[in-house]
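**Q**
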Amino acid sequence: MEPSHAAPEHPSQRLTREIDITSLFAESGLRKRANVMLNDNTYEIDPSDVKNSWTYLAFMGFKAAREEKADVGTFVSVGTGPGIDGIGANEIFRPRSLVLTDIHKKVLPVAEMNFLNNLGRVKPDVFRVLHGNLCEPLAGRGIKADILYANLPNLPFHGRDIFGGINTASFFSERPAKVPREFRERLLALQHAFLLGGQKQLADGGLLLLNVGGRMPFRVIERLFESAGLSILRIVTLLKLQSEADVILKGYSDAEKKYGVEFDFYPYDEAVRSAPKLAFDAHSQRAALGHCRLSATDAYGAWKRGAKIAHLAHLVIAEKSRGKALPPFASRAIR
Ligand SMILES: C[S@@+](CC[C@H](N)C(=O)[O-])C[C@H]1O[C@@H](n2cnc3c(N)ncnc32)[C@H](O)[C@@H]1O
Numbered sequence: 001m002e003p004s005h006a007a008p009e010h011p012s013q014r015l016t017r018e019i020d021i022t023s024l025f026a027e028s029g030l031r032k033r034a035n036v037m038l039n040d041n042t043y044e045i046d047p048s049d050v051k052n053s054w055t056y057l058a059f060m061g062f063k064a065a066r067e068e069k070a071d072v073g074t075f076v077s078v079g080t081g082p083g084i085d086g087i088g089a090n091e092i093f094r095p096r097s098l099v100l101t102d103i104h105k106k107v108l109p110v111a112e113m114n115f116l117n118n119l120g121r122v123k124p125d126v127f128r129v130l131h132g133n134l135c136e137p138l139a140g141r142g143i144k145a146d147i148l149y150a151n152l153p154n155l156p157f158h159g160r161d162i163f164g165g166i167n168t169a170s171f172f173s174e175r176p177a178k179v180p181r182e183f184r185e186r187l188l189a190l191q192h193a194f195l196l197g198g199q200k201q202l203a204d205g206g207l208l209l210l211n212v213g214g215r216m217p218f219r220v221i222e223r224l225f226e227s228a229g230l231s232i233l234r235i236v237t238l239l240k241l242q243s244e245a246d247v248i249l250k251g252y253s254d255a256e257k258k259y260g261v262e263f264d265f266y267p268y269d270e271a272v273r274s275a276p277k278l279a280f281d282a283h284s285q286r287a288a289l290g291h292c293r294l295s296a297t298d299a300y301g302a303w304k305r306g307a308k309i310a311h312l313a314h315l316v317i318a319e320k321s322r323g324k325a326l327p328p329f330a331s332r333a334i335r
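In UniProt numbering, the protein residues as written are 1 to 335.
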């Protein structure tokens with residue numbers, strides 16, 4: 001493997017602990033042992049509950065995307081956090097080049113170390129770790145992706161030091177783009193900016209994969225992709241426990257009050273009794289959950305009284321639009 005790690009300067013950091021994430025790979029149908037380090041700034045994963053993790057949804061989406069695209073030259077994860085997505089992508093896509101980026105400098109050496117420490121026999125020819133905002137590190141270097149993946153935060157950051165802790169619930173954008181009201185009110189501003197930039201960094205025939213919360217009617221997500229010149233090909237949906245519930249439910253509840261919109265949450269125990277954990281469409285679980293839907297404000301109240309809260313999460317697989325209509329399953333409105 002060509003040693004071309006363009007890693008940023010190694011900042012002083014505390015490697016807080018090592019965790020065994022073999023269960024994540026096993027639950028995703030992958031035979032691989034993996035251990036990763038996490039520091040104070042990397043995204044958390046609970047190895048005892050991997051089916052409620054975004055990375056599990058990502059891996060299931062990567063497998064669906066592999067059915068669409070078997071030959072992957074370059075895989076990129078934008079906002080990699082601890083780099084677990086890169087380890088899984090390497091196993092699933094076996095790309096010739098693999099690039100991990102993040103806006104948080106202190107997570108990048110951890111992502112790099114985790115990726116290199118978990119390489120088995122499958123190795124990309126080129127591995128790069130790049131720092132920067134959304135797709136800017138790719139655009140600046142002319143990198144085009146065959147698979148471009150991201151799982152980005154939704155809540156705009158209003159505090160003083162966004163890089164002080166785990167930067168997963170809130171986002172920071174160095175150059176905020178002008179965001180259509182519909183997407184700003186649904187807390188999809190960073191996703192909007194990512195799709196606009198990402199579309200330009202796709203290689204011919206490349207696929208863009210976005211992990212996005214399904215806390216709003218799916219037609220909003222369809223419009224988000226359409227507005228960036230992308231057509232949805234496939235969707236994987238996970239009924240997921242709301243993580244970081246204190247911060248995120250409050251953030252969505254505040255947005256409901258500020259913008260007069262409503263988001264979709266569910267009481268977790270009732271939801272898992274009513275709908276399958278995983279589905280390969282956007283709509284079937286939502287239809288089965290209608291009877292127990294909660295607004296963010298109600299869900300936040302229920303969480304404060306001790307309830308566990310669920311939401312839908314979609315891994316959306318899209319390609320550059322060629323002026324063709326959306327497939328019927330993707331364009332069917334729910335409400
Ligand atoms: C929810 S975590 C996702 C981690 C990992 N990709 C996954 O799927 O599990 C979001 C990551 O995006 C990064 N991030 C936030 N804003 C960003 C931006 N504007 N550009 C690039 N990365 C960003 C955060 O530092 C964090 O590591």
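Think of the CB as a built atom: it goes at the ideal place given N, C-alpha and C, for glycine as much as any other residue.
(1) Say yes only if the C-beta of A245 is nearer than 8 Å to one or more non-hydrogen atoms of ligand 1, and no if none qualify.
(2) Would you kindly check if the distance between the Cβ of V50 and the Cβ of L134 is under 9 Å?
(3) I think residue 336 touches K308, with their Cβ atoms under 8 Å apart; what is that distance to the nearest whole Å?
(4) Where does E68 sit, in a helix, a strand or coil, going by DSSP?
(5) Could you compute how far the alpha carbon of L312 sits from the alpha carbon of T80?
(6) By how many angstroms is the C-alpha of Q191 removed from the C-alpha of L155?
(7) Since G87 contacts A34 with CB under 8 Å, what's their CB separation in whole angstroms?
(8) Determine the DSSP secondary structure at E269, reduced to helix, strand or coil.
(9) Looking at C-alpha atoms only, which residue of V36, G251, L210 is the closest neighbour of Y233?
(10) Does the contact criterion of 3 or more C-beta pairs under 8 Å hold for the region 122-132 versus the region 96-105?
(11) Under 8 Å: does the beta carbon of I103 sit that close to some heavy atom of ligand 1?
(12) Just to confirm, are T16 and A111 a CB contact at a threshold of 9 Å?
(13) Going along the chain, which unbroken runs of the beta strand (DSSP E) with 3 or more residues stay wholly within the region 177-249?
(14) Rounded to whole angstroms, what is the Cα-Cα separation between D71 and R322?
(15) Does any heavy atom of ligand 1 sit closer than 8 Å to the C-beta of G260?
(16) Three-state secondary structure (DSSP) at N41?
(17) Could you check the C-alpha separation between A310 and A271 for me, to the nearest Å?
(18) Express the C-alpha separation of L294 and S284 in angstroms, rounding to a whole number.
(19) For V78, name the three-state secondary structure that DSSP assigns.
(20) Within 10 Å of its beta-carbon, does A193 have 16 or more other beta-carbons around it, so buried, or fewer, so exposed?
(21) Whose C-beta lies closer than 7 Å to the C-beta of L241 among residues of the same chain, with five residues either side of it excluded?
(22) Identify whether T16 lies in helix, strand or coil by the three-state DSSP scheme.
(23) Kindly indicate the opening and closing residues of the beta strand (DSSP E) around residue 399.
**A** Well, looking at it:
(1) Walking along the sequence shown from the start, residue 245 turns up at place 245. Checking every heavy atom of ligand 1 against the Cβ of A245, none is found closer than 8 Å.
(2) By 1-based counting over the sequence shown, the position of residue 134 is 134. By 1-based counting over the sequence shown, the position of residue 50 is 50. Taking 9 Å as the Cβ cut-off, L134 and V50 do not qualify as a contacting pair.
(3) Outside the shown range of the chain, which is 1 to 335, sits residue 336, and nothing can be said about it.
(4) In the sequence shown, counting from the first residue as 1, residue 68 sits at position 68. Here E68 sits in helix by DSSP.
(5) Here residue 312 refers to the residue found at position 312 of the sequence shown. Here residue 80 refers to the residue found at position 80 of the sequence shown. Taking the CA atoms as reference points, L312 sits about 21 Å from T80.
(6) Sequence index remark: in the sequence shown, residue 155 carries index 155 (1-based). Sequence index remark: in the sequence shown, residue 191 carries index 191 (1-based). Roughly 11 Å separates the two Cα atoms.
(7) Sequence index remark: in the sequence shown, residue 87 carries index 87 (1-based). Sequence index remark: in the sequence shown, residue 34 carries index 34 (1-based). Rather than Gly, the amino acid found at residue 87 in this sequence is Ile. With a beta-carbon spacing of about 6 Å, I87 and A34 fall inside the 8 Å limit used to define contacts.
(8) For the purposes of this step, residue 269 is taken as the residue at position 269 of the sequence shown. According to the sequence displayed, residue 269 carries Asp and not Glu. In the three-state DSSP reduction, D269 falls in the helix class (H, G or I).
(9) For the purposes of this step, residue 233 is identified with residue 233 of the sequence shown, where counting begins at 1. The sequence shown places Leu at residue 233, rather than the Tyr named in the question. Between L233 and the set V36, G251, L210, the nearest pair of CA atoms involves L210.
(10) Because the criterion of three Cβ pairs below 8 Å is met, the region 122-132 and the region 96-105 touch.
(11) Numbered from 1 along the sequence shown, position 103 holds the residue referred to as residue 103. Answer for I103: yes, Cβ within range of ligand 1.
(12) By one-based count along the sequence shown, residue 16 stands at place 16. By one-based count along the sequence shown, residue 111 stands at place 111. Not closer than 9 Å, so no.
(13) Counting only runs of 3 or more residues that sit fully inside the region 177-249, the beta strand (DSSP E) segments are 202-213, 230-241, in chain order.
(14) The sequence position of residue 71 within the sequence shown is 71, counting from 1. The sequence position of residue 322 within the sequence shown is 322, counting from 1. When rounded, the distance between both Cα atoms is 21 Å.
(15) Indexing the sequence shown from 1 puts residue 260 at position 260. No.
(16) For the purposes of this step, residue 41 is taken as residue 41 along the sequence shown, with counting starting at 1. Coil.
(17) The residue labelled residue 310 in the question sits at position 310 within the sequence shown. The residue labelled residue 271 in the question sits at position 271 within the sequence shown. Near 7 Å, if we compare the C-alpha coordinates of A271 and A310.
(18) Residue numbering aside, residue 284 sits at position 284 when the sequence shown is read from its first letter. Residue numbering aside, residue 294 sits at position 294 when the sequence shown is read from its first letter. When rounded, the distance between both Cα atoms is 18 Å.
(19) Residue numbering aside, residue 78 sits at position 78 when the sequence shown is read from its first letter. DSSP places V78 in strand when its eight states are reduced to three.
(20) The residue you call residue 193 lines up with position 193 of the sequence shown. Taking every protein chain shown into account, the CB of A193 has 16 or more other CB atoms within 10 angstroms, so this residue is buried.
(21) Counting from 1 along the sequence shown, the entry for residue 241 is found at position 241. Here the set comprises N52, Y268, K308, A310.
(22) On the sequence shown, residue 16 is found 16 positions in, with the first residue counted as 1. Taken through DSSP and simplified to helix, strand or coil, T16 comes out as strand.
(23) Examination of residue 399 is not possible in this model, given that the chain is present from 1 through 335 alone.
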